[in-house]
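Our numbering puts the first residue of the sequence shown at 4, with every later residue one more than the last. The C-beta atom is built at its ideal place from N, Cα and C for all residues, glycine as well.
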Amino acid sequence: LKVHCLRTRDHDQAIELLYGQNTRRYFEELYFDLCGSSSRYIDEEWISHGLDYICFDNMLQYVALPQLELTKKQQASNSRFARRKNILPDGDGRRDMIFIFDFLRKKGVSRILRVIVDDILYPAHSDEAIEQAIGGFGVEVWDWRKFDISMDTIMDVASDVRELHLYSSGNNAVLRGWSDHGGLAQLKNLQTVYLHMTQHPHRWITCMDNFADFIQNIRSPVGSMEDVRVALIDDGVDIEEKTLRGKIVGGRSFFPRDHAQNLQRPFYVSGSGHGTVMASLICRVCPTAKLFVVKVAEHVSASSGRQISANSAARAVRAAIDQKVHVITMPWTIQRNEQNAAGIRDLEVAIGAAASAGIMMFCAASDQGPAIDVTFPAACVTTKNIFKIGAAEASGTVWKWVGDAAAVDFIFPGHEVIKERPNDASIDKCQTLTGSWVATAIASGFAAMILYCVQLSFVQTRATNRPGKVDNFEGLQRHERMREAFLAIGTTQSSGNKYIEVWNVFEKAVEKSQGKPPDQFPAIVNEVANKL
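See below:
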């Protein structure tokens, strides 16, 4: 009767039916829900002691847990970095949820009817950890959001499941395993199956997300660091974008709204949202970067879509030079025609001037498939010191619309990239982005992160009265030196050495930081810098 009540009634109705006039039992919770938490990092101590006052019924309607990582309180409790990530590895997976479900067991919970766990991002929990976490709870509604979960795991711990949510990356072998006679057919009580099809997140992106979290836990000596400045030449950036607060240091607009009235379209408003997305991606990879936003004139053509004004782009590049930025990002292409030939010549001169000033430049492939790409700014004859970037799929292969991979310098994630960072949105609300323009923003952010790491290594070394080389930072601002750094990290042979294996350096750095106090992080950054 109790199980039927919890299955068929909402929370308040179940309270009334189960406890009646026994108001003392109203304080026994029928659920455990951490969704909506302000942070993805939660102390084990907060779970085991901070929530000790909560009383649970022995049977819960549901448990809902977002993407979270357990941390352990460090000794340096007076530091704002005292709480830090502590991914608990187990082979290819994590084990954080074991601690949480063990906490519920200790609180007397013996049955959980519905389980919702957001485990969609890499690294997910191992099958063994999932079995250990929820084994014996008699789960009836399974919504553990892990890609391509083993049917054996579900059979072992939830053989009586009635409703099942499965998350697929599109792996045909897994889909066949779910559908054959030894798969779903073995679940005798199964009534409903929901299949969620989503491409697996880019390992590259996840790796750099984790490194970005790590690098922000390192404090540099006050006033010792030069901001890594990135000029974003696009359609502006919306001022209400929360993820960019404090990251924009200025801007210019070369897009008049009304010449006669002397009215401008400001750089702090994005006409299509394109520039805002680009800015977010740059700062996602390098959260310490500072942006100089330049808005260029554009129009929409019925035949070829978005068209950037070459003359406006040339003025934008010169404005970036005047600001002495380290990186210029141009996530668009321009086709030469009779109308813009003079503007293209101006753009070529400006691009050449930026190269002479030692500014790194990144631009996008045109994504025209097998057609020969002669678009600008990549086709500028005044310099070859400009990185032409193509989009890569999650597998590290070039996206089909990039065309000839040999025609680009490098490929970066640019196919179905999940726009939101972990915990920014639930899986059903996430947006995916595709195109070499996406890859160009990510490449620019990556270069900015490399510059930041090398500079941070120098100032940390100098702060401890040890010799450091400032010329490493200055040298990496040169095009060829940054190319060498990309290649030194490691690239895949299958991509023609175009796809950078960031986990060789940056994932290892994050793993090495686990369990260490923040005062040991600078040494890890030094190791990263030395590999570049």
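Query                                                                                                                      : Result
Per-residue DSSP class, three states only, for G274                                                                        : coil
Per-residue DSSP class, three states only, for E143                                                                        : coil
Span of the alpha helix (DSSP H) around Q16                                                                                : H14 to Y22
CA nearest to the CA of T336, picked from L4, A491 and A316                                                                : A316
C-beta atoms of S283 and V462 nearer than 8 Å                                                                              : no
Expected contact under 8 Å - CB spacing of H168 and H199 to nearest Å                                                      : 7 Å
Beta-carbon contacts of V513 that lie in its chain and below 7 Å, excluding the five residues immediately before and after : N213, F214 and F217
CB contact flag (L4, I18, <8 Å)                                                                                            : no
Cβ-based burial, A532 [other Cβ within 10 Å; buried from 16]                                                               : buried
Three CB pairs or more closer than 8 Å across the region 247-256 and the region 293-304                                    : yes
Extent of the continuous alpha helix (DSSP H) run through P525                                                             : F524 to N533
Where A395 falls, given that 16 or more other Cβ within 10 Å makes a residue buried                                        : buried
Inter-residue CB distance, S275 and D241 (contact presumed, cutoff 8 Å)                                                    : With a Cβ gap of about 10 Å, S275 and D241 do not count as contacting.
Rounded separation between T11 and L116 - CA only                                                                          : 11 Å
Stretch pair the region 396-413 + the region 491-504: three plus CB contacts closer than 8 Å                               : yes
Proximity winner among D13, N220 and V144, relative to F524 (alpha-carbon distances)                                       : N220
Buried/exposed call for G39, threshold 16 Cβ in 10 Å                                                                       : exposed
Best match in K501, L490 and A322 for proximity to A408 [C-alpha to C-alpha]                                               : K501
Alpha-carbon spacing of T291 relative to R206, whole angstroms                                                             : 22 Å
DSSP beta-bridge partners of R222                                                                                          : BP columns for R222 are empty, so no partner.
Check whether D130 and T156 have beta carbons under 8 Å apart                                                              : yes
Rounded C-alpha distance that separates E229 from T332                                                                     : 19 Å
For D60, the nearest candidate out of D46, H14 and V112 (CA to CA)                                                         : V112
As assigned by DSSP and simplified to three states, the class of G448                                                      : helix
Closest Cα partner of V120 within the set K110, R108 and A136                                                              : A136
First and last residue of the uninterrupted beta strand (DSSP E) at M333                                                   : V330 to M333
Pairwise C-alpha distance: F489 and T443                                                                                   : 14 Å
Per-residue DSSP class, three states only, for T494                                                                        : strand
Endpoints, beta strand (DSSP E) assigned at F295                                                                           : K293 to V299
Cβ-based burial, L9 [other Cβ within 10 Å; buried from 16]                                                                 : buried
Element boundaries [beta strand (DSSP E), containing E536]                                                                 : With the chain represented from 4 up to 535, any question about residue 536 goes unanswered, as that position is not in the structure.
Anticipated Cβ contact below 8 Å, E72 with R43, distance rounded                                                           : 6 Å
Through-space distance from L190 to K432, alpha-carbon basis                                                               : Legend: pLDDT at K432 = 46, less than 50; position of this residue unreliable, value from coordinates given subsequently. Roughly 30 Å separates the two Cα atoms.
Candidates R179, R114 and A319: closest to F270 by CA position                                                             : A319
Secondary structure of I101, DSSP reduced to three states                                                                  : helix
The beta strand (DSSP E) enclosing C8, as first and last residue numbers                                                   : C8 -> not in any beta strand (DSSP E); alpha helix (DSSP H) instead, spanning K5 to T11.
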